[in-house]
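Residue numbers (our numbering), protein chains in the order written: chain U, 15 to 405; chain W, 15 to 405; chain H, 1136 to 1483; chain D, 1136 to 1483. Here is the structure we will look at, set down as structure tokens.
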Amino acid sequence: MTTSSVAATAQVTDFLLSPELRQFRDYVVDYTKKHLGNAAAYDAETKFPRDPVIAAAKLGLLRTTVAKEYGGSAMGNLASCIMLEEINSVCASTGVTISVHNSLVNSLLGKWCNDAQKRRWFPKLVTGEWLGAYCLSEAFSGSDAAALRCEAKKAGDHYVVSGAKLWITTGSEAQLFVVFARTAADRVKGISAFVVEKTWPGVSVGKKERKLGIRASPTTEIVLENVKVPADCLIGGEGQGFTIALDTLDGGRLGIASQALGIARASIDLIRNHLASQVDQKGRSTSTQPDQWTFADLAADLDAYRFLTWRASILRDNGVRCTTEAAMAKSTTSRLANRAARAAVSILGLAGASGATAAERLLRDARITEIYEGATDIQRLVIARGLVSPS
Amino acid sequence: MTTSSVAATAQVTDFLLSPELRQFRDYVVDYTKKHLGNAAAYDAETKFPRDPVIAAAKLGLLRTTVAKEYGGSAMGNLASCIMLEEINSVCASTGVTISVHNSLVNSLLGKWCNDAQKRRWFPKLVTGEWLGAYCLSEAFSGSDAAALRCEAKKAGDHYVVSGAKLWITTGSEAQLFVVFARTAADRVKGISAFVVEKTWPGVSVGKKERKLGIRASPTTEIVLENVKVPADCLIGGEGQGFTIALDTLDGGRLGIASQALGIARASIDLIRNHLASQVDQKGRSTSTQPDQWTFADLAADLDAYRFLTWRASILRDNGVRCTTEAAMAKSTTSRLANRAARAAVSILGLAGASGATAAERLLRDARITEIYEGATDIQRLVIARGLVSPS
Amino acid sequence: MHNLELTEDQELVVDTVARFAADTVAANVLDQDEHRVFARAAFDGLAELGVFGLLVGEASGGAGLGFLPFVAALEATGAQSSSLARLWIGQLQCALLLEATRSDKLDGVMAGATLASYAGLEHGLRLQHGRLHGKASLVPGALEAQLFVVAALSDGKPVLATVEASAVTRAPLRCLGLASAGCASVGFDGAAATVLAGDAAAAISRAQFAAWVGVAATAVGAGFACVQAARKHAAERIAFGKPLLAQEAVVRKLVECRRQSEAARHLTWHAARLADLGQDGGDAAMQARLLAVDAMVNAADEAIQIHGGYGYTVEYHVERHYRDGKTLEVLDGGAQDLLQRLAARQFA
Amino acid sequence: MHNLELTEDQELVVDTVARFAADTVAANVLDQDEHRVFARAAFDGLAELGVFGLLVGEASGGAGLGFLPFVAALEATGAQSSSLARLWIGQLQCALLLEATRSDKLDGVMAGATLASYAGLEHGLRLQHGRLHGKASLVPGALEAQLFVVAALSDGKPVLATVEASAVTRAPLRCLGLASAGCASVGFDGAAATVLAGDAAAAISRAQFAAWVGVAATAVGAGFACVQAARKHAAERIAFGKPLLAQEAVVRKLVECRRQSEAARHLTWHAARLADLGQDGGDAAMQARLLAVDAMVNAADEAIQIHGGYGYTVEYHVERHYRDGKTLEVLDGGAQDLLQRLAARQFA
């Protein structure tokens, strides 16, 4: 575990972040203020936030989950979560781009690739020259990931990969794809993971989805037609794909949990500002009790579920399996994000729905957090399985 | 702050309790197993759990919030919370007795009394020879505590205290009362705090409430008829009473939050056991998805809100004001306890309502946690006030 | 109060029951509940009003007035006592079952001379060679019943049978709620049973329906009663210099609770109307039962909160409604069973 | 489908609208919504059906058919397009207001020749010396309206006035929902207004009522549509070797959603019935509106979840219903306003 170096010292002591992490958070806040001002425009125009992502790369935000020997900053999962909460509180499309790059692609490569593979791809990934995408879902396999059909047939020193991957975040912008494909019939043990580069013959970007939210993050189909994938692009061993996919998703879920925290916080801040603005001529609050109650409940849950997210991140940073804890973090934060965004629209009223404030965008962006990288329903079953009959 | 000695070292590191606290928790669990087996009978017979409380005293559980120089173990608020979660997961009547004794009475005396006062009362309180009660509420002042009418008239070297205090936990069993009374007309600044001993002339136990739950914890009226209270029983200065009351309630709320956590956990454990018992002949689970979902959501919230409670406790242990954080802890945990207990009754069905399991008692006990030591509604306003216009 | 377009006969029954509930039942309900005293006098009072044959056809000696007045009268009863309402529902279920199977025990049950309890299929009882096996873990009225009407499986098929109380083993329960309803567990232990003739499945369905709309109406009445009680307390209780009722959040809760009970009431009426028209009101009845009980529990919960410490004592009605609501929820198979039935009917 | 005991005339209108909605409206609704195209053709289609005078008395040239067919027809419309339903509601509110004030503009509005938008008191507009001041920050239909009917305060009292579209400043909005309803902000900036005669307060109340039951019916229709769409997807989508619909938790959600919309529907009908009987249906209408919109948002939310990634795309209807539901919620003063009104009416 190359990313576990941070865990030598405590990251959170008595519920306070370490000074290093607080400093890092300030650094990220500075980035969001300088570079994410156009979030609403990117959304309206469904335009990929290229400049913000490049700026993030320059500031080193695309290498937090990569070991130092490969050019990363090895800050680990908790640092990534803190970063992602800040970024997503301003722009969820930028947020998910970075989350997938760091929490899915870089983390996966760092944990499962051999040294040669890491030396081959990390130089481009840590600088943001390349963005990464994670290609697991297909038209007929979403929550039921093991039902995937994409095929990888061994042919000498390479594999021939064919299939269509759906719902690929950053699909049209990524240069490196982690592709899960079937090397054998066995439902679970027949799945293997590969790195596929965009420029290889047979790789193409298919249909682009038009979505409710995170509209500036391109979600596309990735079509693989008889793509010759060199055998040295196999990640881990044949048949390890499903294990890799699930393990990686534990980390990915922490990224999405952090996205949800960011969206929730932004929504709660809108409500707070609205309440603060409701004063009579003498400066006394005229906000209604029911609105204050809603705000109070949301604010308490924000703190509570952030702790769940941090806890799971630290476990992962320490190399401890955190499947149940990550599922708790994702299922609670994603529901909170939706609840908070809906409340913001309700409480802001016409200003919440008209587009005059960020509320309506937050509501649309929030909705994806309950769906991708493991739907809420699946998270609940994961938690129940983890706690009712511990394995 | 005599109780802050524990805060020199971290109590919770990366969301894990310190070894000392884990050891202490085991110690308390051992107590609950040995001494709280008759919780259901005490409840059915509305009988004060005297033996369990005496056993707790012998094990030193009534002195955790008292400084060592006065015979306490100075373990602080977090340790108390951990203890109270365990005790309340088995018997909420025993739990609230200890919570009031430790979190309200002992904490208050330790923080606000002078040395002579402490030397006078703590020897009896830390051994459990005396139990303490906290007398703030009256018939016409509950949430609106500053509306209290109980009078304390200065007369030379003593005060004459008259009034009736309502909803006094441990009322009929306590030997020492902290009584809030009015020494001047000013709504807030006219309130002072006194120690009143049960044996003093004019002190009597009034009506005993018949309640939905915590039936084994006697809730009574305490009637004060021209009680001569020596001036050296005034706590702090005249007019400091309301400040003392509110500050103490921050700690008390952590006790009740812990009670709620215990009740929630016991309810969730009932659901877990029920789900685990639902298997077919081949050992496959036959529990329903909706029940698993309910369980998963409750289990995640239990962890989340426990962190809120621990955070506030640590702040208080460190001498940092935690009014907002304590309100977050109490409002979330108390609602969770009720939600969990209601779910347990629903999921256990007839066995949940018939008295065949603890579910129905948990449901009845849980309901008080949203009411006493600051109703949920008030906690929400406290949170909103704390966060919307920080003072 | 209602908007049911009842006939004069129906209206008379409803008004009579409503008066009886408000005048007579209300007087003892707190005390009886606290001390777990069986609501004998109230049951006898209902018997005198002749309402146990409300749903039984005139040909069988009943009033044949249908479900509409039943739900309206139960709403009034539920406002005072869920224990009594549940006893009434059980007695009426037994009457319906005995009517359908042409049992000679019908008259005694309709008259209230025989206190009868119904144990439904949810208890998993079995009938073999004329004897009943199994245990019903919680049956309202069972402690005082003279007669049990039992739905059981015989060779995997539903059958109906009657069992004399003397043939069973009963144990009183410290139930969460319905403390005046004589709830008990009933062990059948091979008790001799009289198997009833006729279409058991159809009769059981009708008895279930009666419980669904009956409990729904009871819960609607109790839900409104909680709102009413909370409103009264909030109007009288002064905090921070004004009545609680002047606090927006308090009133908001009451508005929300009332809205839920109102919606449940309309679904209940809809189900009753459909049944009286000879149509299938099953979906509406189950939906109404689910919504009404949720609304009752929620209203009781909020009413307790508005009462503060007072609401936690047995001197006010709201804690009783809270316990009764949760107890009503788990009876008749519980909410889970209804949701599964609805799922099968609507989405299979 | 319904159980409303409509007259033949009423039934005809409802069936015609339902067919029009299912056949014609449904075809373009996704595309128009995605590209924020105004539902002109559908509006004109409704005009051709002559439904803008549905609530206007026969003496004034309307159909005078009352609220029952209105809510039934709007439910069918809401199942397809909340944008169109909201346009209809606005047009009909204007017709009611113009009828009450005997305005000569009524005929054009009833015929649909004049597209009219209503800006209610919630916008805080003021009338002084025959000119309107203030800004309405979100008005459905405003972008395309030829005529505005405006409720404003004049010396603190409510008045009604009409304003020509040419006199106001309009800005299109990227609203959360109702993307085909031509939502815009409207600046009145001293626009010359024609003050309408008659009892403004009474007319405004009636227009409010029409919006409450109208939005309630729209949301009921959309709520059921979400359940239907989710059911369809769940029946087709295979996961873990079986259709989603075979998963208990999925069906449970659908049962719950349907139950909520069903309850809201009955409250809506109840409100409409009371109004048609000349009674006060205000409480029921507000309760119905609150419940129906909540049920719609919840159903859309669950339907998106059941659709998974597909539900997040604009190719399915459910994300549109989600946005539309939240947008319907904040119009007409929003849920807060309704709750405050109910509080004042029920607990003051």
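Where is the CB? At the ideal position from N, CA and C, for every residue including glycine.
Taking the straight line between their C-alpha atoms, what separation do you get for residue i and residue j?
i           : j           : result
Ala-310(W)  : Leu-260(U)  : 19 Å
Leu-268(U)  : Leu-76(U)   : 16 Å
Thr-108(U)  : Gly-51(U)   : 11 Å
Glu-99(W)   : Ala-278(W)  : 9 Å
Ala-1287(D) : His-1268(D) : 9 Å
Ala-358(U)  : Ser-301(U)  : 14 Å
Ser-405(U)  : Glu-374(W)  : A caution first: Ser-405(U) carries a pLDDT of 39, below 50, which makes its placement in the model unreliable, though a value can still be read off. Going by the C-alpha atoms only, they are around 31 Å apart.
Ala-1470(D) : Ile-361(W)  : 33 Å
Pro-1293(D) : Phe-1283(D) : 16 Å
Phe-154(W)  : Ile-1373(H) : 7 Å
Trp-1127(D) : Leu-1181(H) : Chain D is shown from 1136 up to 1483; residue 1127(D) falls before or after that span and cannot be answered.
Val-20(U)   : Arg-330(U)  : For Val-20(U), the pLDDT reaches just 42, beneath the cut-off of 50, and the residue's location in the model is therefore unreliable, although a value from the coordinates is still provided. So the two alpha carbons sit approximately 11 Å from each other.
Using 7 Å as the limit for Cβ to Cβ distance, is residue i near chain H?
i           : result
Arg-224(W)  : yes
Gln-1422(D) : yes
Thr-407(U)  : Summary: the structure shown does not reach residue 407(U), with chain U confined to residues 15 through 405, and so no result is reported for it.
His-1405(D) : yes
Any beta carbon of chain W sitting closer than 7 Å to that of residue i?
i           : result
Arg-1366(D) : no
Lys-1461(H) : yes
Met-1136(D) : Reliability of the predicted coordinates at Met-1136(D) is poor, the pLDDT of 38 falling under 50, and the value obtained from them is presented with this limitation in mind. No, because no Cβ of chain W sits closer than 7 Å to the Cβ of Met-1136(D).
Val-1465(H) : yes
Ser-1272(H) : yes
Measuring only between beta-carbons, confirm whether residue i sits less than 7 Å from chain U.
i          : result
Thr-27(W)  : yes
Ile-328(W) : yes
Thr-17(W)  : Because Thr-17(W) sits at a pLDDT of 38, beneath the cut-off of 50, its placement in the model cannot be relied upon, and the following sentence gives the value as read from the coordinates. It does not: the Cβ of Thr-17(W) has no partner Cβ on chain U nearer than 7 Å.
Would you please verify whether the beta carbon of residue i is less than 7 Å from any beta carbon of chain D?
i           : result
Gly-250(U)  : no
Ile-392(U)  : no
Asp-158(U)  : yes
His-1401(H) : yes
Leu-364(U)  : yes
Just to confirm the assignment, what range does the beta strand (DSSP E) spanning residue i have?
i           : result
Phe-1205(H) : Looking at the DSSP string, Phe-1205(H) is not in any beta strand (DSSP E); the run it does join, the alpha helix (DSSP H), is 1202–1213.
Phe-208(U)  : 205–211
Gln-1505(H) : Here chain H has residues from 1136 to 1483 only, and residue 1505(H) is not among them.
Leu-1288(H) : 1282–1289
Lys-168(U)  : 165–169
What residue does the alpha helix (DSSP H) around residue i start on, and which one ends it?
i           : result
Cys-105(W)  : First-last for Cys-105(W): undefined, no H or E at that position.
Phe-482(W)  : No information on residue 482(W) is available, as it lies outside the stretch 15 to 405 that chain W covers here.
Cys-127(W)  : From DSSP, Cys-127(W) is part of no alpha helix (DSSP H); its letter is neither H nor E.
Val-1484(H) : Residue 1484(H) lies beyond the stretch modelled for chain H, which goes from 1136 to 1483, so this question has no answer here.
Leu-1295(D) : Element bounds for Leu-1295(D): not the alpha helix (DSSP H) but the beta strand (DSSP E), 1292–1299.
Cys-1392(D) : 1383–1411
Along the segment 1161–1175 of chain D, what residues have a CB closer than 9 Å to any CB found in chain H?
-> none
Which runs of the beta strand (DSSP E) fall wholly inside the segment 1313–1381 of chain D and span at least 3 residues, in chain order?
-> 1319–1322
May I have a chain-ordered list of the beta strand (DSSP E) segments no shorter than 3 residues that lie completely inside the segment 1231–1281 of chain D?
-> 1251–1254, 1261–1263, 1266–1268 and 1270–1274
According to a CB-to-CB cut-off of less than 9 Å, which residues of the segment 366–386 of chain W neighbour chain H?
-> Gly-366, Ala-367, Ser-368, Gly-369, Ala-370, Ala-373, Glu-374, Arg-375, Leu-377, Arg-378, Arg-381, Ile-382, Glu-384, Ile-385 and Tyr-386
The segment 1364–1388 of chain D: positions lying closer than 7 Å to chain W by Cβ = Gln-1382, Glu-1383, Ala-1384 and Arg-1387
Contact residues within the segment 34–48 of chain U, judged by C-beta distance below 7 Å to chain H = none
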